[in-house]
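So the sequence shown is numbered by this note's numbering: it starts at 1 and just counts up by one. We put the CB at the ideal spot given by N, CA and C, even for glycine. Computed from a predicted model, the values in this text were never measured in an experiment.
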Amino acid sequence: MDQDPAIAQLRAEVAQLREEARAARDWTEIANLQAMYGYYVDKGLWDKAADLFAREGTLEIAGRGVYVGRERVRAYLHALPPYERGALFNHMQLQPVIHAEGDAAKARWRTFIQIAWLGGVARWGEATYENSYVREDGTWRIASLHGFITFYCEYDKGLNEGGIPLLRKIDGLQPDLPPTVEYEAFPEVFVPPFHYGDQAAEKGV
Numbered sequence: 001m002d003q004d005p006a007i008a009q010l011r012a013e014v015a016q017l018r019e020e021a022r023a024a025r026d027w028t029e030i031a032n033l034q035a036m037y038g039y040y041v042d043k044g045l046w047d048k049a050a051d052l053f054a055r056e057g058t059l060e061i062a063g064r065g066v067y068v069g070r071e072r073v074r075a076y077l078h079a080l081p082p083y084e085r086g087a088l089f090n091h092m093q094l095q096p097v098i099h100a101e102g103d104a105a106k107a108r109w110r111t112f113i114q115i116a117w118l119g120g121v122a123r124w125g126e127a128t129y130e131n132s133y134v135r136e137d138g139t140w141r142i143a144s145l146h147g148f149i150t151f152y153c154e155y156d157k158g159l160n161e162g163g164i165p166l167l168r169k170i171d172g173l174q175p176d177l178p179p180t181v182e183y184e185a186f187p188e189v190f191v192p193p194f195h196y197g198d199q200a201a202e203k204g205v
């Protein structure tokens with residue numbers, strides 16, 4: 001017997017609503033995941049930040065090479081300066097563009113950075129993240145975090161005085177792989193590659 005057209009339409013609408021609800025839930029969970037990373041890094045909570053990565057997750061920041069696996073990400077984070085009195089590590093993550101499909105996703109973020117030590121260095125900065133994510137054991141994790149530092153400048157001098165060259169290595173901790181992209185920050189011209197194009201933006205995928 002042929003299905004009632006009205007019932008068929010309702011079934012199609014329910015399926016569509018379920019898909020939209022799933023997409024909205026994935027978007028929110030991925031946005032929260034990235035925000036959690038930023039808040040943990042702000043306060044030097046390196047282990048909590050590392051635990052957000054997938055088991056085989058990678059980290060690449062400022063052309064310093066790629067660190068492969070959650071424990072290598074943890075080692076990289078612990079090699080950074082400690083969060084203590086007089087230290088400021090603010091990372092404000094803005095402008096998310098998130099595309100999720102199934103158990104994988106990609107996202108682009110802009111991070112506004114304030115970094116300072118009392119009586120010492122004080123800098124503004126910006127990083128563009130092009131990250132990927134994976135649903136691992138039912139939970140979204142960071143599959144790859146790639147932070148392109150687009151500028152650092154001294155707080156008291158300003159951008160018009162030029163930028164600070166990228167720090168290309170972490171003392172005492174060699175990367176597992178070389179940088180995937182060679183670039184230099186402001187005043188040089190560099191546009192971090194996009195994970196999406198016009199067609200993806202139009203389709204919302």
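Looking at the unbroken alpha helix (DSSP H) that takes in residue i, where does it start and where does it end?
{"i": "Gly38", "result": "5–42"}
Just verifying my parser: in three-state terms, what is the DSSP assignment at residue i?
{"i": "Leu166", "result": "coil"}
{"i": "Glu130", "result": "strand"}
{"i": "Glu136", "result": "strand"}
{"i": "Lys203", "result": "With a pLDDT of 44 at Lys203, under the threshold of 50, the modelled position of that residue is not reliable, and the figure given next carries that caveat. Note: Lys203 maps to helix in three-state DSSP."}
Please list the terminal residues of the continuous beta strand (DSSP E) segment that includes residue i.
{"i": "Glu154", "result": "139–154"}
For residue i, which residues in the same chain have their Cβ closer than 6 Å to its Cβ, ignoring the five residues on either side in sequence?
{"i": "Val68", "result": "Thr58, Asp176"}
{"i": "Ala247", "result": "Any answer about residue 247 is impossible in this case: the structure gives the chain only from 1 up to 205."}
{"i": "Glu29", "result": "Trp140"}
{"i": "Pro179", "result": "Gly63, Gly65"}
{"i": "Gly147", "result": "Ile61, Ala127, Tyr129"}
Can you give me the Cβ contacts of residue i inside the same chain, cut-off strictly under 7 Å, excluding the 5 residues immediately before and after it?
{"i": "Lys169", "result": "Arg64"}
{"i": "Ser144", "result": "Gly57, Thr58, Asn131, Ser132"}
{"i": "Tyr40", "result": "Lys48, Ala49"}
For residue i, which residues from the same chain have a beta carbon less than 8 Å from its beta carbon, with the 5 sequence-adjacent residues on both sides left out?
{"i": "Cys153", "result": "Arg123, Trp124, Gly125, Leu159, Glu161, Gly162, Gly163, Ile164, Phe186"}
Under 7 Å from any heavy atom of the ligand COA, does the C-beta of residue i make it?
{"i": "Asp156", "result": "In terms of ligand content, the structure shown is empty, and the ligand COA therefore cannot be addressed."}
Counting Cβ pairs, one atom from each stretch, are 3 or more of them under 8 Å apart for the region 102–116 and the region 126–137? yes
Suppose only complete runs of 3+ residues qualify. What are the beta strand (DSSP E) ranges in the region 44–128, listed by chain order? 53–61, 66–68, 87–101, 104–117
Cβ contact (3+ pairs, closer than 8 Å) linking the region 36–51 and the region 74–84: yes
Could you check whether the region 134–143 touches the region 151–163, counting it as contact only if at least three pairs of C-beta atoms, one from each stretch, sit closer than 8 Å? no
Taking one C-beta from the region 93–100 and one from the region 174–191 each time, how about it: are there three or more such pairs within less than 8 Å? no
So, does the region 78–89 touch the region 111–121, judging by three or more C-beta pairs under 8 Å? yes
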